[in-house]
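With UniProt numbering as the guide, the letters of the sequence shown map in order to residues 1 to 384.
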Amino acid sequence: MKKIIIIISALIIALFGLFWIYSNGASKNTSVENKILSSAVSIPEKVLSNRFGFLGGQEEENPFVEDVGGAWVRPHPGPFLWDSMQKDKNGKTDFSKTDKIVGCQQSQNYGTLATIWPFAEWDQKMRDGSDFCAVSNKDEFLNQNDKKGRGDYLPLHRCNPTNWEDYKKWVYSIVERYDGDGIDDMPNLKIPIKYWEVMNEPDLSYGNNAPDKDRLTFYKEGPKEYAKLLIQTSEAIRSADQNAKILIAGAAGADKRFLDFYREALSVNGTKDAFDIGNVHCISNDQGTSDFNVGAYKKMLAEFKISKPIWVTEAESFNGKTAEENYELTKKSTMGAISAGAEKIFYTRYNFNDFRTDMSQKNVESEESIRASEKQYQSITSQF
């Protein structure tokens, strides 16, 4: 009997011990989960629901965007360039500049659309036949040709990454830092980056034989290569943030040459599932439709049974001879684009009195014309 009592007592003590260990462990796990959840952040609803933004969004404040009724910025070309963030194969990702820019934009309660540039000179030069990937020395986004003082650049070689594993590690690191999940995030992150654009206008120079074609080349390869880039980049983004939204690169316009590039890219298996949002540009080239090219782009997507949201990430309709005409044309195209299904619009120019044809040059602006343009943009955005 005494032995039975001893055995029962030992079992009771063991059960209490196991219960204590389990309770203590569960408590610790709960506190970790609470810590992650409490430090997680999201884009404010008033930003998400806002339809309008502008190119820009560097390290300096830009009250113009808010003053005219916008809430989004799209740094262009922006700081999310592999070459500038990782100096060699074994180097760590340098977040110093991107942290400053994200911090500056969130202090103004702006959402950021980030463009991922997959070029790093040290990686490109490991490729056989890398000379093909070099752009002209006249290209306006080379460091030495920065006449606007934008501070951002693109490197000389602009093909797909040579080492996909290295590239995807870098993409993972930047998405993880700004996704707002509370794990390995930027210190004091308040407004995360949840929208990522996979490069910009790869179609612009494809099949282009114009005399000025050397002035601007974003990508040296073709539609099938871009499809691979989109798929690989999307895999890396989603491995870091399943809730991220991916934009396909913006089509340079609705010309057949531009849209045929995307038709071929979308024909590659896996491309349609690699992005969440369609993307088209209008650099004053929507004459006849007045919709920032949304209608034609939407029809092109429909050919592939794609019915995804569409953003216009570069929008302008500056075909007028006066500032007033530029305003009226922009207003008409904004209404046309939204009627055609555009969910967000990012304007490229801040001043309707801007008649530059070479956008690599700085615009000389008067305070009077800026204030007038501010009121005119307000009259456009206030309708939505």
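Here a beta-carbon is modelled for each residue, glycine too, at the ideal position from N, C-alpha and C. Remember, it's a predicted structure, so these values are computed and weren't measured experimentally.
So, using beta-carbon positions, are Lys-331 and Ile-370 closer together than 7 Å?
no
Tell me whether Thr-98 counts as near the ligand SAM, meaning its Cβ is closer than 6 Å to at least one heavy atom of that ligand.
Absent from the structure shown: the ligand SAM. Ligands present: none.
Paired residues, beta bridge with Thr-115 - DSSP:
Glu-197
Taking Val-294 as the reference, give the member of Gly-341, Ser-382, Asn-319 and Ser-239 with the closest Cα.
Gly-341
May I ask you to verify whether the region 64 to 71 touches the region 85 to 98, counting CB pairs closer than 8 Å and requiring at least 3?
no
Is it buried or exposed, Lys-169, if we count other Cβ atoms within 10 angstroms and call 16 or more buried?
exposed
Residues near residue 391 by beta carbon distance below 6 Å, same chain, minus five either side:
There is no way to answer for residue 391, as the model of the chain reaches only from 1 to 384.
Among the residues of its own chain, which have a CB less than 7 Å from the CB of Asn-351, if the five just before and after it don't count?
Asn-363, Glu-365, Ser-369, Ile-370 and Ser-373
Coarse secondary structure for Arg-215, derived from DSSP in three states:
helix
Quick check on Pro-75: buried or exposed, where buried means 16 or more other Cβ atoms within 10 Å of its Cβ?
buried
Unbroken alpha helix (DSSP H) runs of length 4 or more, entirely within the region 68 to 117: which are they?
82 to 85 and 96 to 107
So what does DSSP say about Tyr-226, is it helix, strand or coil?
Helix, per DSSP.
Report buried or exposed for Asp-203, applying the criterion of at least 16 other Cβ atoms within 10 angstroms of its Cβ.
buried
Run the CB neighbour count on Arg-349, radius 10 Å, all protein chains shown included, and call it buried at 16 or more, exposed below.
buried
Looking only at C-alpha atoms, which of Ser-39, Lys-344 and Phe-258 sits nearest to Phe-190?
Correcting the residue identity first, residue 190 is Lys in this sequence and not Phe. For Lys-190, the nearest C-alpha among the options comes from Ser-39.
N- and C-terminal bounds of the beta strand (DSSP E) containing Ala-342
342 to 347
Comparing C-alpha positions only, which one of Ala-265, Phe-346 and Gln-376 sits nearest to Phe-52?
For the set Ala-265, Phe-346 and Gln-376, the Cα lying nearest the Cα of Phe-52 is the one of Phe-346.
So does the region 226 to 241 actually touch the region 97 to 110, counting three or more Cβ pairs closer than 8 Å?
Not touching, per the Cβ criterion.
For Ile-183, count neighbouring Cβ atoms within 10 angstroms of its own Cβ and tell me buried if that reaches 16, exposed if not.
exposed
Since Arg-215 and Glu-140 are thought to touch, with beta carbons under 8 Å apart, how far apart are those beta carbons, to the nearest angstrom?
6 Å
Quick one: is Gln-376 buried, meaning 16 or more other Cβ sit within 10 Å of its Cβ, or exposed?
Gln-376 should be labelled buried.
Rounded to whole angstroms, what's the CA-CA distance from Asp-123 to Asn-163? Just pull it up for me.
7 Å
Is it buried or exposed, Asn-200, if we count other Cβ atoms within 10 angstroms and call 16 or more buried?
buried
Where Arg-356 falls, given that 16 or more other Cβ within 10 Å makes a residue buried
Exposed.
Residues in its own chain within less than 8 Å of Ser-317 by CB, not counting five upstream and five downstream?
Cys-282, Ser-284, Asp-286, Ser-290, Phe-292, Asn-326, Leu-329, Thr-330, Lys-332 and Ser-333
Which of helix, strand or coil DSSP assigns to Ile-277:
Secondary structure of Ile-277 (DSSP, three-state): strand.
Which stretch, first to last residue, makes up the alpha helix (DSSP H) that contains Phe-258?
Unbroken alpha helix (DSSP H) run through Phe-258: 256 to 266.
Sequence-distant residues of its chain with Cβ nearer than 6 Å to Ala-120 (five each side left out)
Trp-82 and Asp-83
With distances taken from CA atoms, which of Ser-42, Glu-176 and Arg-238 is nearest Tyr-110?
Ser-42
Have a look at Asn-319 and Gly-253 and give me their C-alpha separation to the nearest angstrom.
15 Å
Rounding to the nearest angstrom, what Cα-Cα distance links Tyr-206 and Ser-173 in this structure?
31 Å
Measure how close the beta-carbons of Ile-237 and Val-171 come, nearest whole angstrom, since I'm counting them as under 8 Å.
6 Å
Pull up the CB-CB distance for Val-73 and Phe-95, whole angstroms please, since I reckon it's below 8 Å.
So it is not a contact: roughly 18 Å between Cβ atoms.
Among the candidates Lys-138, Lys-305 and Lys-256, whose CA atom is the shortest distance from the CA of Lys-213?
Lys-138
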